[in-house]
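The next block holds one structure in the form of structure tokens; read it before the comments.
In the working numbering, the protein residues as written are 116 to 304.
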């Protein structure tokens, strides 16, 4: 076996250090590891003004239970990762009347525009529609002996709330969301 010089050992250690750092940091950031075939999802991106930047394929954000617990406050973790529900009239956004965009607390995907928000009287922020149907997933939810439609973020599978067919025109729908699952960003100028 040939002897390795100090420069070669240093280079190998540097490379090994980078590989280890990538293996630790990439999943924590929701990024795929090189060589892995990460799942891609198509979402519609929006700028700070709420203007569509078009649809694009992005890496699905996947983290372990422990990673989500580390990056989210406990209530956000329980609601977005375990489909819990915040208490009515306690969330930060149920009575918010500012102009802006509501993004996913887990991955920052644009989900709702304040221009579609209305006062439903339920104590949760309610919207007539998502900012783009490409950014949410709806599926049947039969928990607690009720038949409802659960709404989740398409990019990271965060539980957001439920949609009901008792909203105002023009859609007749009420997207009843948990404040803690959202981050509000004032509309850019």
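Glycine residues also receive a C-beta, built at the ideal position from the N, C-alpha and C atoms. These figures come from a predicted structure and were not determined experimentally.
Local Cβ density within 10 Å of residue i, reported as buried at 16 or more and exposed below that
i, result
"residue 148", "Residue confidence for residue 148 is low, a pLDDT of 46 falling below 50, so the modelled location carries little weight; the figure read from the coordinates is stated next. Its Cβ having fewer than 16 others within 10 Å, residue 148 is exposed."
"residue 294", "buried"
"residue 201", "buried"
"residue 229", "buried"
"residue 260", "exposed"
"residue 138", "The predicted position of residue 138 is uncertain, since its pLDDT is 46 and thus under 50; no value can be drawn from it."
"residue 187", "buried"
"residue 212", "exposed"
"residue 172", "exposed"
"residue 233", "exposed"
"residue 267", "buried"
"residue 189", "exposed"
"residue 215", "buried"
CB contact below 8 Å: residue i versus chain C
i, result
"residue 212", "You won't find chain C in this structure, because it holds only one protein chain."
Rounded straight-line distance, which links the Cα of residue j to that of residue i
i, j, result
"residue 231", "residue 178", "31 Å"
"residue 207", "residue 198", "18 Å"
"residue 168", "residue 162", "7 Å"
"residue 182", "residue 257", "28 Å"
"residue 235", "residue 280", "12 Å"
"residue 275", "residue 297", "8 Å"
"residue 251", "residue 203", "22 Å"
"residue 302", "residue 180", "32 Å"
"residue 209", "residue 238", "6 Å"
"residue 185", "residue 154", "23 Å"
"residue 191", "residue 254", "21 Å"
"residue 282", "residue 263", "14 Å"
"residue 195", "residue 166", "26 Å"
"residue 108", "residue 285", "Because the chain is modelled from 116 through 304, residue 108 falls outside the range shown and cannot be assessed."
"residue 174", "residue 249", "14 Å"
"residue 156", "residue 170", "10 Å"
Opposing strand residues paired with residue i [DSSP bridges]
i, result
"residue 204", "Per DSSP, none; premise fails for residue 204."
"residue 228", "216"
"residue 172", "157"
"residue 195", "Bridge partners of residue 195: none, in fact."
* Report yes or no: do the segment 208 to 226 and the segment 271 to 278 share at least 3 C-beta pairs separated by less than 8 Å? => A contact exists between the segment 208 to 226 and the segment 271 to 278.
* Asked: Does the count of Cβ pairs from the segment 227 to 244 and the segment 286 to 293 closer than 8 Å reach three?
  -> A contact exists between the segment 227 to 244 and the segment 286 to 293.
* Runs of beta strand (DSSP E) lying entirely within the segment 237 to 291, each at least 3 residues, in chain order -> You should have 251 to 256, 263 to 268, 274 to 279.
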